[in-house]
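In the working numbering, the protein residues as written are 52 to 793.
Where is the CB? At the ideal position from N, CA and C, for every residue including glycine.
Working notes for the structure below.
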Amino acid sequence: MTRKSVCIVGSGPGGLASAKVLLQTGQFDVTVFEKRSRIGGIWALDESSKDGYLSPHTPTNLSRFQVAFSDLSWSSVDLANTNHEQQALSMFPSAWKVNRYLETYRQKHIPNSVIHLDTSVVSVARRSGSGQVWTVTTQDVSGAQSKHHFEYVIMASGFFAVPRPLKKVISKLPADPSSLPVKIIHSGQYRELEDLFPPATVAQGKDILIIGGSNSAGEAAGVIARQLSSSQFSGDKAIQQRYQGCRIVHVTPRALYALPPYLPTDEHSRTFVPLDFSFYNLAKRMPGPVVAAAGLASTFIRDLLHDGIQMNIGGDQSDLGAPALVPLGKDDEKRGTVQVTLAESYSEYVRSGLIKVIRGKVDRVEAQDASVSVEIVEEGQVEKLDNIGAIVYATGYTPIPALDMLDDETKWAVQYDNQSMRLPLILEDWQTSAPAVPELAFIGFYEGPYWGIMEMQARLTADRWLGKNPISQRTYEVPDDLLALRAAMQARRSDVPQYWLGDYAGYMEEMAVAMKLQRNDGVLQEREGAVLPARYLSTDDDRQEANRAMADFSDTWLACLKGKYVARAVFRALQGEWAISRRIESKNTSFPSGTLTGTAFFHPRFPTKDKSAQAFDLEYLYIETGVYRTTTGAEMNASRRYVYRYTEVEDKISVWFVKPDREYEVDYLFHNLQFSPPDVTETEGASIAAADHLCINDMYKTRYRLPMKGISLPSFWIEHSVHGPAKDYVSKTTYERRKPAV
Numbered sequence: 052m053t054r055k056s057v058c059i060v061g062s063g064p065g066g067l068a069s070a071k072v073l074l075q076t077g078q079f080d081v082t083v084f085e086k087r088s089r090i091g092g093i094w095a096l097d098e099s100s101k102d103g104y105l106s107p108h109t110p111t112n113l114s115r116f117q118v119a120f121s122d123l124s125w126s127s128v129d130l131a132n133t134n135h136e137q138q139a140l141s142m143f144p145s146a147w148k149v150n151r152y153l154e155t156y157r158q159k160h161i162p163n164s165v166i167h168l169d170t171s172v173v174s175v176a177r178r179s180g181s182g183q184v185w186t187v188t189t190q191d192v193s194g195a196q197s198k199h200h201f202e203y204v205i206m207a208s209g210f211f212a213v214p215r216p217l218k219k220v221i222s223k224l225p226a227d228p229s230s231l232p233v234k235i236i237h238s239g240q241y242r243e244l245e246d247l248f249p250p251a252t253v254a255q256g257k258d259i260l261i262i263g264g265s266n267s268a269g270e271a272a273g274v275i276a277r278q279l280s281s282s283q284f285s286g287d288k289a290i291q292q293r294y295q296g297c298r299i300v301h302v303t304p305r306a307l308y309a310l311p312p313y314l315p316t317d318e319h320s321r322t323f324v325p326l327d328f329s330f331y332n333l334a335k336r337m338p339g340p341v342v343a344a345a346g347l348a349s350t351f352i353r354d355l356l357h358d359g360i361q362m363n364i365g366g367d368q369s370d371l372g373a374p375a376l377v378p379l380g381k382d383d384e385k386r387g388t389v390q391v392t393l394a395e396s397y398s399e400y401v402r403s404g405l406i407k408v409i410r411g412k413v414d415r416v417e418a419q420d421a422s423v424s425v426e427i428v429e430e431g432q433v434e435k436l437d438n439i440g441a442i443v444y445a446t447g448y449t450p451i452p453a454l455d456m457l458d459d460e461t462k463w464a465v466q467y468d469n470q471s472m473r474l475p476l477i478l479e480d481w482q483t484s485a486p487a488v489p490e491l492a493f494i495g496f497y498e499g500p501y502w503g504i505m506e507m508q509a510r511l512t513a514d515r516w517l518g519k520n521p522i523s524q525r526t527y528e529v530p531d532d533l534l535a536l537r538a539a540m541q542a543r544r545s546d547v548p549q550y551w552l553g554d555y556a557g558y559m560e561e562m563a564v565a566m567k568l569q570r571n572d573g574v575l576q577e578r579e580g581a582v583l584p585a586r587y588l589s590t591d592d593d594r595q596e597a598n599r600a601m602a603d604f605s606d607t608w609l610a611c612l613k614g615k616y617v618a619r620a621v622f623r624a625l626q627g628e629w630a631i632s633r634r635i636e637s638k639n640t641s642f643p644s645g646t647l648t649g650t651a652f653f654h655p656r657f658p659t660k661d662k663s664a665q666a667f668d669l670e671y672l673y674i675e676t677g678v679y680r681t682t683t684g685a686e687m688n689a690s691r692r693y694v695y696r697y698t699e700v701e702d703k704i705s706v707w708f709v710k711p712d713r714e715y716e717v718d719y720l721f722h723n724l725q726f727s728p729p730d731v732t733e734t735e736g737a738s739i740a741a742a743d744h745l746c747i748n749d750m751y752k753t754r755y756r757l758p759m760k761g762i763s764l765p766s767f768w769i770e771h772s773v774h775g776p777a778k779d780y781v782s783k784t785t786y787e788r789r790k791p792a793v
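Right under this line is the structure:
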């Protein structure tokens with residue numbers, strides 16, 4: 052049998068999945084053109100890359116089980132760093148590790164001769180009257196062009212092609228934005244504070260403006276806030292002085308819910324799971340065949356999603372002191388769809404005041420001495436902000452450059468609209484094809500493409516071109532309805548969801564049924580746990596690898612139900628400012644009883660090194676100040692410091708003493724928190740943790756009571772019971788969230 056020739060444009064996850072699936076059939080000759088010098092798309096970077104779409108250390112938004120294909124387990128990927136040190140496999144792998152996964156996948160499934168690096172596709176033109184339907188023109192790094200002919204073409208060039216120009220967002224912007232006296236960069240270009248404030252510029256006391264109402268805006272704000280916090284609490288006096296008084300001003304046209312990577316499994320917050328375990332839990336679907344949905348959101352669906360998110364986060368965010376983040380209520384006809392940013396600590400930085408949120412749209416930017424001023428418009432009202440020292444625009448990406456290579460006839464056939472950033476094409480078959488050009492397929496060409504969906508789209512395309520499993524039209528892909536959705540997007544209607552094709556679990560289930568894929572649930576029931584690629588297999592997929600991935604998932608799922616990651620959720624919730632009240636009952640006359648009132652802060656900073664040589668993922672510097680009043684009438688100022696740490700490998704919170712003469716440096720371990728199982732949480736109405744510490748001959752036994760409300764912690768207490776030859780007292784400290792000033 053003569054093999055069919057296929058050109059794949061792009062070697063990101065969609066392009067690699069397509070190449071693997073087509074080659075696996077044995078009926079296609081595949082050629083992949085990649086404009087960069089390495090594969091991976093937005094993940095085309097290594098541990099030290101500085102010019103990629105992402106920082107090499109940016110974690111994935113979803114767990115490793117979703118950032119994967121069906122038949123390659125993460126446990127099969129070599130994660131040694133440049134120093135040949137094996138790195139731990141995180142639940143949310145960093146970007147350079149994702150590239151390592153893709154390289155492993157390529158080596159396993161795709162011969163080197165298939166992929167042509169440093170080769171840009173200049174044009175894709177449809178021919179007539181020939182078996183070779185497409186002419187593809189490429190250009191190498193020297194500028195030399197070549198023409199190639201193929202029967203089929205797959206566009207996997209990436210929906211997030213290039214940053215959306217700032218001029219498309221701000222109407223009154225200087226013709227040459229680089230002439231402004233401050234740095235202006237896209238969020239995808241940001242790595243560190245010096246990107247905003249080069250060495251010769253003044254940063255102290257300046258505001259950093261972040262523009263955007265998308266997921267990336269919240270992410271960028273959270274990343275910059277962590278760096279600012281760390282600059283103030285890591286002990287480097289020069290860095291501390293340089294960024295002293297800096298804050299972030301985030302201007303967003305809509306309220307955003309900030310979600311951390313771990314969410315509660317129920318309203319009692321007994322256990323926590325990675326957020327995709329919660330979002331795509333098959334047990335949440337209605338009985339019977341899974342039916343997917345897409346497109347505009349009805350009032351009922353909007354309210355349902357708002358209620359679900361608010362249950363997860365513990366309210367409507369009104370406690371953060373930022374009215375701009377509080378969504379409209381159910382009775383307001385202008386209430387929009389749920390808008391989310393996956394940013395672990397964003398909300399706590401807002402509560403602390405390090406991030407100020409303003410609802411509106413930046414309409415004007417103009418120079419003001421060594422900084423700039425901006426005007427923000429919201430419902431006809433104009434607010435002016437001065438003292439802006441840097442601007443980060445998180446206004447998304449445009450797919451248009453990735454489609455410009457198509458000839459006009461093909462663009463017409465797919466109803467291309469270069470003014471529609473969100474829905475530039477009108478496609479069907481789960482957004483893979485258009486009837487007028489059956490020899491052309493699109494992989495991952497929609498907002499927020501999942502790896503599992505791209506793999507499914509590749510399988511669907513192979514089946515279609517081989518004449519297998521004809522697919523009936525989906526109710527949510529009727530062309531006229533999609534055109535109406537496009538118009539609604541451009542009109543910015545309130546019923547347009549953040550991701551119009553957002554029912555990941557539904558599409559995975561529907562496509563698996565349509566293609567008669569083999570089910571691979573491992574030890575789980577069919578409706579137990581989350582959707583993930585390894586649950587759906589083609590006949591030729593590597594079942595051993597898929598089984599390994601499913602075993603990893605089921606072990607993690609069951610461990611979460613036994614209390615794993617409660618510590619991570621609690622650690623996140625500790626961040627920020629607390630009002631504290633302590634009562635000490637002493638039986639030792641030389642150590643009188645008394646009470647303390649004051650304030651405590653858990654300040655985020657990058658993990659620091661100490662003589663223990665242990666590695667940690669997250670760290671707070673705890674600073675407490677207050678007034679202690681003894682029962683004898685004495686009164687004195689009191690303060691103390693600790694360092695709280697979290698390590699993912701052990702899923703453990705530890706508390707460390709600070710050196711008396713070096714107030715930012717760790718001295719030695721105080722104690723490790725051991726959390727009680729979920730049944731104790733249910734009985735107590737709170738997460739309970741215990742710890743102990745022997746101080747010479749005096750034993751400290753510590754108990755934490757942490758009543759989580761969704762991801763939030765409105766209050767908690769810590770009790771130390773200390774007994775020994777030198778000490779005999781009980782100290783109980785209650786922590787209450789301070790109400791932030793609006």
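key: Pick from Ala485, Tyr156 and Met472 that is closest to alanine 464, judged by C-alpha positions   = Among Ala485, Tyr156 and Met472, the Cα nearest to that of alanine 464 belongs to Ala485.
task = Identify the continuous alpha helix (DSSP H) that holds valine 184 and give its terminal residues.
result = Going by DSSP, valine 184 is part of no alpha helix (DSSP H) at all; its letter is neither H nor E.
message = Taking its Cβ as the centre, do 16 or more other Cβ atoms sit within 10 Å of aspartate 480, making it buried, or is it exposed?
response = Residue burial annotation: aspartate 480 is buried, with at least 16 other C-beta atoms found within 10 angstroms of its C-beta.
ask   = Is it true that the CB of tyrosine 550 sits closer than 8 Å to the CB of glycine 499?
value = For the 8 Å CB-CB criterion, glycine 499 and tyrosine 550 form a contact.
Beta-carbon spacing of leucine 326, arginine 578 below 8 Å = For the 8 Å CB-CB criterion, leucine 326 and arginine 578 do not form a contact.
message = Contact between the stretch 633 to 642 and the stretch 655 to 665 is defined here as three or more beta-carbon pairs at a separation below 8 Å; is this criterion met?
response = The answer is no - the stretch 655 to 665 does not touch the stretch 633 to 642, with fewer than three Cβ pairs under 8 Å.
key: Where phenylalanine 323 sits in the DSSP three-state scheme   = Here phenylalanine 323 sits in strand by DSSP.
N-terminal and C-terminal residue of the beta strand (DSSP E) that phenylalanine 721 is part of = For phenylalanine 721, the uninterrupted beta strand (DSSP E) run begins and ends at 717 to 723, by DSSP.
query = What are the boundary residues of the alpha helix (DSSP H) that phenylalanine 79 is part of?
reply = Phenylalanine 79 -> not in any alpha helix (DSSP H); beta strand (DSSP E) instead, spanning 79 to 84.
request  = Enumerate in chain order the residues of its own chain whose CB-to-CB distance from threonine 109 is below 6 Å, with the five nearest sequence positions on each side excluded.
outcome  = Within the same chain, threonine 109 has close Cβ partners Ala146.
Aspartate 591 classed as buried or exposed, judged by whether at least 16 other C-beta atoms fall within 10 angstroms = It counts as exposed.
query = Using CA coordinates, which residue listed in Gly65, Pro311 and Ser179 is at the minimum distance from alanine 622?
reply = Correcting the residue identity first, residue 622 is phenylalanine in this sequence and not alanine. Per the Cα distances, Pro311.
task = Work out the CA separation of isoleucine 406 and histidine 301 for me, nearest whole Å.
result = When rounded, the distance between both Cα atoms is 7 Å.
request  = Could you give the DSSP three-state label for proline 452: helix, strand or coil?
outcome  = Residue state, collapsed to three classes: helix.
ask   = Thinking C-alpha only, which one of Met456, Arg386, Ile262 and Leu140 is nearest alanine 212?
value = Answer by Cα proximity: Met456.
ask   = CB-CB under 7 Å to serine 121, same chain, minus the five flanking residues each way: which ones, in chain order?
value = Glu506, Pro584, Ala585, Tyr587, Leu588, Asp592 and Ala597.
key: Classification of valine 184 by the beta-carbon crowding that lies within 10 angstroms, buried from 16 upward   = The residue is buried, with at least 16 neighbouring Cβ atoms inside 10 Å.
request  = Assign leucine 625 to one of three DSSP states: helix, strand, or coil.
outcome  = Note: leucine 625 maps to helix in three-state DSSP.
task = Give a yes or no on whether the C-beta atoms belonging to isoleucine 205 and valine 60 are separated by under 8 Å.
result = For isoleucine 205 and valine 60, yes; Cβs fall inside 8 Å.
request  = Please say whether tyrosine 755 and phenylalanine 767 have beta carbons closer to each other than 8 Å?
outcome  = In this structure, tyrosine 755 lies closer than 8 Å to phenylalanine 767 by Cβ.
request  = Flag this pair as touching only if the stretch 434 to 450 and the stretch 330 to 350 have three or more C-beta atom pairs under 8 Å; answer yes or no.
outcome  = Flag = no, the stretch 434 to 450 and the stretch 330 to 350 do not touch.
ask   = Sorted by chain position, which residues of the same chain lie with C-beta nearer than 6 Å to lysine 86's C-beta, five sequence neighbours on each side aside?
value = Cβ neighbours of lysine 86 within its own chain (closer than 6 Å, five residues either side excluded): Ser171.
task = Please classify glutamine 549: does DSSP put it in a helix, a strand, or coil?
result = Coil.
request  = Measure the Cβ-Cβ separation of alanine 375 and valine 416 and say whether it is below 8 Å.
outcome  = Contact: no.
query = For the alpha helix (DSSP H) that contains methionine 601, what are its first and last residues?
reply = Counted as a single uninterrupted DSSP element, the alpha helix (DSSP H) harbouring methionine 601 occupies residues 594 to 612.
ask   = What's the C-alpha gap between proline 298 and alanine 272?
value = Checking the displayed sequence, the identity of residue 298 turns out to be arginine instead of proline. In this structure, the CA atom of arginine 298 is about 10 Å from the CA atom of alanine 272.
Segments of 3+ residues assigned as beta strand (DSSP E) that fall wholly inside the stretch 705 to 777 = Complete beta strand (DSSP E) runs here, min 3: 717 to 723, 738 to 746, 749 to 757 and 766 to 774.
ask   = Is the Cβ-Cβ distance between tyrosine 467 and alanine 345 less than 8 Å?
value = Taking 8 Å as the cut-off, the beta carbon of tyrosine 467 is found no closer than this to the beta carbon of alanine 345.
task = Assign glutamine 292 to one of two classes, buried (16 or more other C-beta atoms within 10 Å of its C-beta) or exposed (fewer than that).
result = Per the 10 Å Cβ criterion, exposed.
ask   = Are glutamine 255 and glutamine 295 close, meaning C-beta to C-beta below 8 Å?
value = It is a contact, given that the beta carbons lie within the stated cut-off.
query = Which stretch, first to last residue, makes up the beta strand (DSSP E) that contains phenylalanine 201?
reply = Looking at the DSSP string, the run of the beta strand (DSSP E) that includes phenylalanine 201 is 196 to 201.
inquiry  = Following a CB-centred definition, is alanine 146 positioned closer than 7 Å to any heavy atom of the ligand MN?
reply    = Only the bare structure without any ligand can be found here, which leaves the ligand MN out of the picture.
key: Nearest residue (CA-CA) to serine 238, options Val564, Pro250 and Pro214   = The shortest Cα separation from serine 238 among Val564, Pro250 and Pro214 belongs to Pro214.
Residues bridged to leucine 405 (per DSSP) = Bridge partners of leucine 405 according to DSSP: none are assigned.
message = Here's the rule: buried if 16 or more other CB atoms are within 10 angstroms of the residue's CB, otherwise exposed. What is cysteine 611?
response = Under this definition cysteine 611 is a buried residue.
Whole-angstrom distance between aspartate 459 and valine 43, CA atom to CA atom = Outside the shown range of the chain (52 to 793) lies residue 43, about which nothing can therefore be said.
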